[in-house]
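Numbering (the working numbering), first residue to last: 28 to 455.
Cβ coordinates follow ideal geometry from the N, Cα and C atoms, glycine included.
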Amino acid sequence: MEYSDNYYVRTKSYSINSNKLNESLQCDVCIIGGGLSGISTAYYLNKINPNLKIIILEKNKIGWGASGRNGGQLLHDYSGNFSSQKHSNNEQKQLWNFTIDAVREVKKNIKDLNIKCDLVEGYLLTAVTRSHDEELKKYVDLLNNKYDYSSASYLSKEEMKRYFESPYYKSAMFDKECGQIHPLNYCLGLAQEILKNKNCKIFEDSSVESYTSENKVKILLDSGCNVTADKMILCCNAYIGNLNKKLRRKIMPVKTYVSAFKDIPKDEINKFFKRQITIGDMLFVLNYFRLDKNNNLIFGGGVSYSNVDPINLENSLKKSIKKILPGLEKYKAWCTWSGHVAITVNRLPHIGAIDKNILFAQGYSGHGLAITTMVGRMIAEVLLSRNNDFELFKKVEHRNFPGFGVLDTPLLVLAMSYFKLKDLLSFK
Ligand SMILES: Cc1cc2nc3c(=O)[nH]c(=O)nc-3n(C[C@H](O)[C@H](O)[C@H](O)COP(=O)(O)OP(=O)(O)OC[C@H]3O[C@@H](n4cnc5c(N)ncnc54)[C@H](O)[C@@H]3O)c2cc1C
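Here it is as structure tokens:
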């Protein structure tokens, strides 16, 4: 399938020269899924051992999934919280550090490989309610004092005005290391780097139907061709379908929406944005938006648990724009699109091994832009026996979504309606 229309596809700077797989091949490592998890894993495997024969099989196009249509917010931390898991305080700190290392690693790759993907540093996590404000102060304290992270600071509403002004928000955390990128260009930039080595091959339009794992993994494509590999990495995330039902039960694909606005006059934008910056709020069904390097507004939000989109995606996002950036709702979006986020029950990533030959990573719960790079590095290091963080992720307990199959969506709708209601009721 071709890319679906979105801002990143319209503004992409790289093209990957790849074909459909039309012969049967052998390799050392075969990666299924050409999003940021898969591409990053290949990038680090190749970096550590350029002699490895690596094949990436992508059903659609590189970055076609969440990686090429997300909000572009480059953030630390996770959607969920490790305190309910069996990790010690030290392990929790290690897991948090993993995410800030992820943000730094993405920036390092951008610099080292000269990837043109519009990096802008600076992020505000904004409080809508008084209880958010209390939570925010505790969070900044935790980062500053327990995690020894000094790049985040608390801002009162007045202090926030240095960066951004909105009647909707009470206060914010400013983080100078987090920020934003053009995610598709980052993904394609990494893919282009991988293809410099003839030992690495990317096949698009190549859908994996099934696999068997004995001494080696035999991977069967819908075309009838197959790949035999020593190791396989599953990186299909929300789009995994029936390829592995056990993994699919641990995630729920949830749709979220983004609009890009190109034609808002500068003086209107400047009423709110004092500089290019990335913003996300603390609502359960959050609004996430940013002013990008080209002064375009990229605004995301909303969720849908069925496959049915709101009748008018743009108008449904404009209800939030009207509250947060009043006046800007009258401008027409350049384009609006949707994508599937893979959420887990505990909102923590689901990473592990199926057997000695197969590893997987999925379920970043809407928070995967930065961490996929670090997960790719970790998986590569695990395969080449050089990493311990993997055990910390394997220790996370992941429950199946209840009533998987016929019932999963209605149950999720119920749960999410509850949280939406909570957002509404806590609005004081
Ligand atoms: C609208 C939206 C906004 C988001 N905003 C943010 C944000 O601002 N910040 C943030 O941190 N995170 C955000 N996320 C989440 C983030 O984009 C994802 O966590 C991350 O991109 C996941 O990368 P991935 O490689 O694991 O999955 P994907 O990018 O989804 O890649 C999976 C790939 O696997 C392929 N595939 C599936 N099945 C097969 C098969 N059988 N054979 C071959 N290939 C297959 C698919 O075609 C797809 O390309 C957002 C997500 C969405 C959808």
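In this structure, does DSSP put residue i in helix, strand or coil?
i: CYS252; result: coil
i: ASP202; result: strand
i: PRO292; result: coil
i: GLN119; result: helix
i: GLY327; result: strand
i: PRO194; result: coil
i: LYS165; result: helix
i: VAL133; result: helix
i: CYS227; result: strand
i: SER158; result: helix
i: ASP369; result: It should be noted that the sequence gives Ala, not Asp, for residue 369. In this structure, ALA369 counts as strand in the three-state DSSP scheme.
i: VAL36; result: helix
i: CYS362; result: strand
i: VAL244; result: strand
i: PRO210; result: helix
i: LEU434; result: Note that LEU434 scores a pLDDT of 45, beneath 50, so its modelled location is shaky; the value from the coordinates is reported in the next line. In the structure shown, LEU434 sits in coil (DSSP, three-state: anything other than H, G, I, E or B).
i: LEU79; result: coil
i: ASP319; result: coil
i: LEU352; result: coil
i: MET259; result: strand
Are the CB atoms of residue i and residue j nearer to each other than 9 Å?
i: THR400; j: ASN136; result: yes
i: THR363; j: TYR284; result: yes
i: ASP416; j: PHE125; result: yes
i: VAL281; j: VAL330; result: yes
i: PHE387; j: ASN271; result: yes
i: SER45; j: CYS252; result: no
i: TYR190; j: ILE304; result: yes
i: LEU261; j: LEU274; result: yes
i: LYS277; j: GLY149; result: no
Which residue wins for smallest C-alpha separation from residue i, given the options the options?
i: LYS86; options: SER110, ARG276, LYS47; result: LYS47
i: SER40; options: ASN212, VAL244, SER392; result: ASN212
i: VAL312; options: PRO77, ILE370, SER42, ASP382; result: ILE370
i: PRO77; options: VAL56, GLY62, GLY92; result: VAL56
i: GLY395; options: LYS165, LYS258, ILE127; result: ILE127
i: ARG354; options: ASP294, LEU52, THR68, LEU182; result: The displayed chain sequence assigns Gly, not Arg, to residue 354. The residue with the shortest Cα to Cα distance from GLY354 is ASP294.
i: LEU122; options: LYS173, TYR150, ARG157; result: LYS173
i: LEU217; options: SER234, LYS143, THR156, SER158; result: LYS143
i: ALA179; options: TYR190, LEU152, TYR195, ASP160; result: LEU152
i: SER42; options: TYR30, TYR105, GLY390; result: TYR30
i: ARG302; options: MET309, ASN321, ASP308, PHE288; result: ASN321
i: MET259; options: ALA380, ARG374, ILE304; result: ALA380
i: ASN97; options: TYR176, GLY328, LEU84; result: GLY328
i: ILE66; options: LYS357, SER412, ALA407; result: ALA407
i: SER193; options: ARG413, TYR391, VAL130, ASN297; result: ASN297
i: ALA93; options: ILE385, HIS367, VAL133, LYS245; result: HIS367
i: TYR196; options: GLY206, GLU185, CYS205, LYS203; result: GLU185
i: ASN269; options: VAL235, LYS243, SER412, SER250; result: VAL235
I'd like the list of long-range same chain contacts for residue i, defined as Cβ closer than 6 Å, with 5 residues on each side in sequence excluded.
i: PHE316; result: ILE306, PHE326
i: ARG426; result: VAL372
i: PHE420; result: ILE378
i: GLN219; result: TYR41
i: SER343; result: GLY329, PRO337
i: GLY60; result: CYS262, CYS263
i: TYR176; result: LEU170
Please classify residue i as buried or exposed, where buried requires at least 16 other C-beta atoms within 10 Å of its C-beta.
i: PRO376; result: buried
i: PRO429; result: exposed
i: GLN100; result: buried
i: LEU434; result: Note on LEU434: pLDDT 45, under 50, position unreliable in the model; no value is reported.
i: ILE338; result: exposed
i: THR456; result: Residue 456 is absent from the model: the chain starts at 28 and stops at 455.
i: PRO210; result: buried
i: LYS345; result: buried
i: ASN73; result: buried
i: SER347; result: buried
i: MET309; result: buried
i: ASP319; result: buried
i: ASP465; result: Residue 465 falls outside the range modelled here, since the chain spans only 28 to 455, and no answer is possible.
Using a Cβ-Cβ cutoff of less than 8 Å, which residues in the same chain neighbour residue i once the five nearest sequence positions on both sides are dropped?
i: GLN53; result: LYS80, VAL254, THR255, ALA256
i: ASP32; result: CYS362, TRP364
i: GLY432; result: Low local confidence applies: a pLDDT of 46 at GLY432 is under 50, so the model's placement there is unreliable, with the coordinate-based value given in what follows. Within the same chain, GLY432 has no close Cβ partners at all.
i: PHE230; result: SER45, ASN46, LYS47, LEU48, ILE82, ILE83, LEU84, GLU85
With a threshold of 8 Å, establish whether the CB of residue i neighbours any heavy atom of ligand 2.
i: SER233; result: Looking at this structure, you won't find ligand 2 anywhere; what it does contain is ligand 1.
To which residues of the same chain is residue i closer than 7 Å at the C-beta, ignoring the five residues directly before and after it?
i: GLY107; result: ASN373, ARG374, LEU375, SER392
i: LYS289; result: ASN323, TRP361
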